[in-house]
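Heads up: the protein sequence lines correspond to chains A, B, C, D, E and F, in order. When the letters of the first sequence are read in order and numbered with numbering that gives the first Met the number 0, they come out as residues 0 to 335. When the letters of the second sequence are read in order and numbered with numbering that gives the first Met the number 0, they come out as residues 0 to 335. When the letters of the third sequence are read in order and numbered with numbering that gives the first Met the number 0, they come out as residues 0 to 335. When the letters of the fourth sequence are read in order and numbered with numbering that gives the first Met the number 0, they come out as residues 0 to 335. When the letters of the fifth sequence are read in order and numbered with numbering that gives the first Met the number 0, they come out as residues 0 to 335. When the letters of the sixth sequence are read in order and numbered with numbering that gives the first Met the number 0, they come out as residues 0 to 335. Note that the Cβ used here is the ideal one computed from N, Cα and C, for glycine as well. It should be emphasised that the depicted structure is a prediction, and the values quoted were computed from it without experimental measurement. Notes for the one structure printed next.
Number of protein chains: 6
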Amino acid sequence: MPSKHPLKGSFIVDLKPGDRVTAFLLVRHKQLEPFRDRSKGEFLTLMLGDHTGQLLARVWEGAPELAETFNEGDVVKVAGDVEEYLGRAQIIVNKLRPAREDEYDLADFLPATEKDVTAMLGAVEAVIAGIADPHLAALVQHFYNDNDFRARLAQAPAARRVHHAYLGGLLEHLTEVLTLAESVLALYPEINADLLRTGALLHDVGKLREYTWARDIDYTDEGRLIGHIVLGDEMVAEAISHFPDFPDELAMRVRHLLVSHHGRYEWGSPRRPKTLEALALHHIENLSAQLNRFKGLLAARREPGQAWTDYDRLLERQLYAGPGDELSIEESSQME
Amino acid sequence: MPSKHPLKGSFIVDLKPGDRVTAFLLVRHKQLEPFRDRSKGEFLTLMLGDHTGQLLARVWEGAPELAETFNEGDVVKVAGDVEEYLGRAQIIVNKLRPAREDEYDLADFLPATEKDVTAMLGAVEAVIAGIADPHLAALVQHFYNDNDFRARLAQAPAARRVHHAYLGGLLEHLTEVLTLAESVLALYPEINADLLRTGALLHDVGKLREYTWARDIDYTDEGRLIGHIVLGDEMVAEAISHFPDFPDELAMRVRHLLVSHHGRYEWGSPRRPKTLEALALHHIENLSAQLNRFKGLLAARREPGQAWTDYDRLLERQLYAGPGDELSIEESSQME
Amino acid sequence: MPSKHPLKGSFIVDLKPGDRVTAFLLVRHKQLEPFRDRSKGEFLTLMLGDHTGQLLARVWEGAPELAETFNEGDVVKVAGDVEEYLGRAQIIVNKLRPAREDEYDLADFLPATEKDVTAMLGAVEAVIAGIADPHLAALVQHFYNDNDFRARLAQAPAARRVHHAYLGGLLEHLTEVLTLAESVLALYPEINADLLRTGALLHDVGKLREYTWARDIDYTDEGRLIGHIVLGDEMVAEAISHFPDFPDELAMRVRHLLVSHHGRYEWGSPRRPKTLEALALHHIENLSAQLNRFKGLLAARREPGQAWTDYDRLLERQLYAGPGDELSIEESSQME
Amino acid sequence: MPSKHPLKGSFIVDLKPGDRVTAFLLVRHKQLEPFRDRSKGEFLTLMLGDHTGQLLARVWEGAPELAETFNEGDVVKVAGDVEEYLGRAQIIVNKLRPAREDEYDLADFLPATEKDVTAMLGAVEAVIAGIADPHLAALVQHFYNDNDFRARLAQAPAARRVHHAYLGGLLEHLTEVLTLAESVLALYPEINADLLRTGALLHDVGKLREYTWARDIDYTDEGRLIGHIVLGDEMVAEAISHFPDFPDELAMRVRHLLVSHHGRYEWGSPRRPKTLEALALHHIENLSAQLNRFKGLLAARREPGQAWTDYDRLLERQLYAGPGDELSIEESSQME
Amino acid sequence: MPSKHPLKGSFIVDLKPGDRVTAFLLVRHKQLEPFRDRSKGEFLTLMLGDHTGQLLARVWEGAPELAETFNEGDVVKVAGDVEEYLGRAQIIVNKLRPAREDEYDLADFLPATEKDVTAMLGAVEAVIAGIADPHLAALVQHFYNDNDFRARLAQAPAARRVHHAYLGGLLEHLTEVLTLAESVLALYPEINADLLRTGALLHDVGKLREYTWARDIDYTDEGRLIGHIVLGDEMVAEAISHFPDFPDELAMRVRHLLVSHHGRYEWGSPRRPKTLEALALHHIENLSAQLNRFKGLLAARREPGQAWTDYDRLLERQLYAGPGDELSIEESSQME
Amino acid sequence: MPSKHPLKGSFIVDLKPGDRVTAFLLVRHKQLEPFRDRSKGEFLTLMLGDHTGQLLARVWEGAPELAETFNEGDVVKVAGDVEEYLGRAQIIVNKLRPAREDEYDLADFLPATEKDVTAMLGAVEAVIAGIADPHLAALVQHFYNDNDFRARLAQAPAARRVHHAYLGGLLEHLTEVLTLAESVLALYPEINADLLRTGALLHDVGKLREYTWARDIDYTDEGRLIGHIVLGDEMVAEAISHFPDFPDELAMRVRHLLVSHHGRYEWGSPRRPKTLEALALHHIENLSAQLNRFKGLLAARREPGQAWTDYDRLLERQLYAGPGDELSIEESSQME
């Protein structure tokens, strides 16, 4: 398991009872508990993890004081021993301190894209550079020329669970949408290319506010209460207000792309596509999402040597990966 | 048929072949057509209407020049004779000129609320005055202290067809929602009263941009492409940006009220209610809308003396008004 | 935990290993089991509970004879000791006998309304007194003047789980519906007030037969096989047969209120509303039910300090209670 | 076209311009209209029909007086001439008087079963005679020993349009259900035969109140507002109340058959089948209804020589009758 | 528990701790596991079962070598002792060897029909003999005269879980469909009898490829990926290709029966019934399936003495079996 | 209107009263009708059309004999005069004879693709040439090396109405699917490229039997009764049977692509995608179909100068084309 940071130390997936461990790990849960013999005070139970898994850990001594020095969601440096307890491994912590920001890479603690982030950003920029309409070009650059926006875009997931649900997933999804958009434009010259590209580039900007990925990939409160479609529309409307000459009709078309990109009411779309560009964006976006979802399920939910994955409750089916290894997702992935 | 303006003249509903007519009427359609004998040039075919109906009209002489002087959607003053043609009445126009703004009242040309607009505005203001939270009060006043907003609110319909689909309908709907909200607040003190009132007052502000009611009640382009839910959310978010101290969490709750008030994905709601206030608002709002819809169907789509209305395609049913006149909608209305 | 009866003794929620307990408790399950050493005969395993929870209990001696003296669903007086077994508390019973009816209050054993039952009954009577139509007044009084009916109405839950699912819940739901009905009547004078009030008062009478609340709140067999809508309609039709002069058309309207009050086929409604009164009743009834459901979920399924409740499978969402305590349901409830 | 009554005279389907007609016909609509020259008073426009079709008819002289002598829905004896007017045939009435009850057979005016009603009633009686359970036998006889019930059952349609929508259709449907029930009983001895037969015999008794078939086959008011399922349950519950010894559990099972026989909520069923008998009844009943519906569509909505029927909006499809005549419905029908 | 084979030995359901066992059992799972003291090598954990249940079994000695001699899905002869471990019984294996094919009957290891297979096959043959149309008769015989087809048909289940999900279930379902078809033909002579019988006989032939029943009843890969409807259509189309004179129109009608027999798109039917025969087949087939499903749930999922079964997730309801034993499914079954 | 054949003559769209016409036209309907004065015998009423429209035509003399010489669906050469009758133009035929096959091009009579058929066929061949797997390559060539298959593929429509509903539409759809597939393959190397290309090339082969395009584009009988999915699967299964070495697992995967390409049960798909290739094919195919559908609606159902199309009943919405001409579909099309 290659680390993203030289100091990372062990990965959870590799730990076995009997191992001595030194590693940077993320604190997922933290709880002080009383000893049975209450006169002994309290010990600390932790759930420590990285992107390969998580383990229970115990701090027997000095727990109350130590517990004050870090919070859930922090990365900590831990030294200890792996023991077996009730048939499962756990870490008996000898030393623990909060990590400094330069001692770790968040990508070691959350699943992350295997694609080259810089290359993907470059591909996105090439598309932006090709937008001829000055209003649309300015609107897109309003977002993409903002360094903070780009930094967050490079990290954000595209979903909590279903598709591209890992760091960099949103950027990966974006590049797929842009690639497919070019194919569609080649087939349907009736489509306004600048508009479709703009829609592709901006359709998911609201996800930067819908998700948080500090500890786990999860919804933000405003993500749950308002959602990325409406948040994204607000962001785009606000951006357009900076360009007094931006044509009203064009603004309306861009916003229609945002608010209709989920395609169907039952998928939370407040509008359904009513322009050729909106229809194309919806189907392209969905194609990218569904392919990634299937790919992920085939890789993750298949027992070794089994032709079929486990039953997926949302898809209401099992997926077929085939009997042989020669067609396996893992191998193919390594060929990329 | 009482006029809203002393100059109105005849109403369409009262015209019969043989009548001589002088009236202010709205031009719904306008078309120059060639005489069969093309050497005679062109005549003008008009569809003229008011809120009681519409009639075909012809201008045989001077048509091309006259046609230059007014547009579809204008109110014109017409003098002419009613004749029968192919079994239907039509107006042979003798004189026609565009009306001045002070010569007519738009309410004579479109269906309008029978409630007292001033009284309804007063009731709304009383609710606004009762909002204790300073942030919410300021936000609501940002809209309601704007004279243009109030003027448009007093005129806007609440829908194109289904419910409160007449001038002043939005205000009527609003006052119903506010009244029902007070009942709910009395029953459920757990509900944040200021928040529910704010949601009630702002939930449909987007309809001021979703509909146009100059000639017919119809959707605007942005109404069709973006919709009042998203437009309203944008308006509220923009308004909140004027108050730097407006708490983020409160802003999120207010916007959640906007984006979830349709209650179900399949009704175009990008979010479903997740707070007690949002749930209450959705059900109250729907109750007002559905009651008005039924009331309108019972009044309009019932043959005289029939217990049942015509079949309504959207409701997929006929409604029952009862056999006797003593229970009729019309009488009840007069008792108000 | 305040008792509804002076003799109640301990509540389950307060018991800890090491406690000595004397309490009236309800027998939820009862089972004789053989000792491993079968020569020792049988012991008794009980599940004893009150409205705060339930605990396992054991009777080691004289079990077969004791088991003959009471049934599941009975309230018993228990004396014993609380011990820990496999990490969970259980009661070792020393003495146990069935309780007499005057020794307990059923409300101590099942969740119950926090509203004042007498006050609610008074409010209902005030509505009944206001019904002017003599036929409708007589019909309603046929039910409400029956002491047994009133006694059962004061105790019945409105549902097994979803809303107002506690003793007195049906009455609480009824008073909410009546209150909301008055608001609607003020807004829509076209609605026949006597009819709507009658519908509100009778729409759920079938629930007195749909549910049983002796031990748990559960469905009766006829509740599951026939349902409260049809049972209620039968009760009303039977009552009407006592009034030979009751107008047929009015009877039909009343029964339509009963059979359409669930509003939609998919909600088990054999008819959908076709009169203004039926539409109003359906939406009012649903508003009361949904608000109570949300309120209950927000109070019960929220971890302390969490802004969000657990995921609710039926609503398919988490609810938002907000971060602070100042908005919490509990506090608000106490302010009532 | 064979008449059901010797006096019937011509059938509508056979009338051509130039014919002189004497016939008993049903008055579907009646309207006095003024002559253009109003001094001439009024003439009478009628829509006269029998089960083969309908024609417009005019009475030019003495119309106001004549109009007093009969109502819509009456059968009248008419003498007149068939003329062509605006490309369509109409009857110029010379003489017209109301018919006496013994002068016509209702079956000539409404579509009616082609099966032998007496034979069908005999088959039903044989099933009744085979019910061994004394309670169920008494309950069924309570209905079937009532001459008025039997007379109405022999005439009633099973639906307004969809299936068995003709006089005697309900009886035809009933005999089909009984026949299929015997097949099911032979296959599944676990089914309580007396209960299934009782359910089959009583499941649609509410249709005697749901439909009216005096002039057209149409819904009654209580049919629309309450529906045959609830009406039938009430009739059965009322009948059971006449037998004090009728076991409660058995009553509940019978009523469950009534209230669940539509099988699905979305088909207006307040309960879904929960017993083997109820499941069997639902599927048997639906099989009979659907077969009759298809048969009717294949016979009625197929152009001569066409393999396919017209598109049926409710079934959302065209049906295939095949290219040749040897498979045609008509021939098959004649072979019965 | 009567054995289908004289050598069967004990059934799982009868084994208790302390028993000595000799039995033929099916290996459902097989896994070598290391002893804690790894120097001791590996032991074998097995799940052994028959149609009455399954038990864990251990082989402590010579496990690796023994494990080579049989596979999951094999029947083995086992001798050993039943012990209790962690509160559950398990078999300590003393001897184990693979069984020969003549030492067991598959029906002892999987649930199987209680009907007489020979009698059912005879009934099917009688229907085949009655098909008059020579093309249809030849087509049906193409399948049924094939001994391998008949042998497999006699064994196949009709489903994995929902209905007739046991060996011989497909044949049982088939005979029910044929019986019901005769009832329908007696009622609707318009139906082409030869065609309906052919459809009934062939509609599920694809299930011979959709299911495997060697070890468990499960889907085959092509069952999951293609499904019995399409597989069956292919088998029938291939069979028809052997008869050059088979009329095209008739072939199309037969195939329509296959591809529409699930009746609704949402039930995986690529076509909906468009002929009278297809409609009849769909409803008959569904009636048989649903009755068997209910019967199975009532027998299997009911606690002794309980009126109601457990909640069934797919049917979304509990079923009612009634309170007494006199109506119980078991007794009724014994009366067959 | 450019002709596809030099002899075509006039197009329907260009004919006006007063014109003399000589043209090749398709006979859509043909009917002999009696003159009012029946002694005069019969005249012939025809509906003649080409892909620009259709006109009524009459043959007054020699009609019965002439009617014998051609059938509905034939192309005929017509000479005559255009007259006005009841306000509509009709052709009075002077001469008429059936056309020879070399005198016309079917594309003049039905709507046809505007793309270059030869170029599209070339693109398809290039994809076929790139299939590396010898089994899949052989399977695809089995179809595409058949000249009759290629000829029919070049002509077939992809649907009757919804998308690519014109001659050559199926080929156009196919090339779009192939182009999009290459984009997807570039993004998802896990997808088996040969398999996806094979699926793309074969997924709609059943449409060659589902549609007829001789006179109108319409369903065949087997198209309606069996459908292109099952027909195509049968064609592919039959083709595979010619290759004894074709791997079973591969055959199953190919057929899964066919039977799941509609993606959802409710869209008539007997299976839903369970492999990555099947998922990709479904979404690609749908993207092509939906884009073409929108493009067609925008071009055809928009009034000149209107921003919105008419309401489309299937899409349940109006589409937005924008206000100006600069974005219009027509201009864009000309720029291709």
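When D/L290, D/H282, D/H202 are compared, the shortest CA-CA separation from D/H255 is found for D/H202. Contact between the region 181-199 of chain B and the region 178-194 of chain C is present: 3 or more CB-CB pairs across the two stretches fall below 8 Å. Annotated three-state conformation of E/K273 is coil, per DSSP. In summary, no residue of the region 237-250 of chain D has a CB separated from any CB of chain C by less than 7 Å. A direct Cα-to-Cα measurement between B/E315 and B/D309 gives close to 10 Å.
Taking a C-beta distance under 8 Å as the contact criterion, A/V161 and A/R292 qualify as a contact pair. When beta bridges are read from the DSSP output, F/Q30 appears opposite F/T44.
When C-beta atoms of the region 60-73 of chain B are compared with those of the region 36-47 of chain B, three or more pairs fall below 8 Å, so the two segments count as touching.
By the C-beta criterion, the region 24-36 of chain B is judged not to be in contact with the region 126-136 of chain B, since fewer than 3 inter-stretch pairs fall below 8 Å.
The beta carbon of E/L280 is closer than 7 Å to those of L195, G198, A199, H202, L256, H260 in its chain, skipping five residues each way along the sequence.
E/D220 has a beta carbon lying within less than 8 Å of a beta carbon in chain F.
Taking a Cβ-Cβ cut-off of 7 Å, the neighbours of D/E265 in chain C comprise Y264, E265, given in sequence order. The C-alpha of F/A137 lies about 27 Å from the C-alpha of E/G205. Residue burial is scored here from C-beta neighbours: D/W266 has fewer than 16 other C-beta atoms within 10 angstroms and is therefore classed as exposed.
For D/D217, the beta-bridge partners assigned by DSSP are D/T211. E/Y319 reaches chain C at D220, R223, L224, counting residues in chain order whose Cβ is nearer than 9 Å. For B/G52, the beta-bridge partners assigned by DSSP are B/D49.
Look at C/W307 here: in three-state DSSP terms it is strand.
Burial state of E/W307 is buried, judged by a 10 Å Cβ sphere holding 16 or more other Cβ atoms. Burial is judged here by how many other beta carbons sit within 10 angstroms of a residue's own beta carbon; E/D115 has fewer than 16 and is exposed.
Under DSSP, B/I91 shares a beta bridge with B/R57, B/D80.
The beta carbon of C/L297 falls within 8 Å of a beta carbon belonging to chain B, placing the residue at that interface. E/G226 sits buried, since 16 or more C-beta atoms from the chains shown fall within 10 Å of its C-beta. Neighbourhood of A/D232 in chain B, by CB distance below 9 Å: I225, V229, D232, E233, in chain order. Between B/A320 and B/L297 the beta-carbon gap is near 5 Å, inside 8 Å, which marks them as a contact.
When rounded, the separation of the alpha-carbon atoms in F/R270 and D/T274 is 32 Å.
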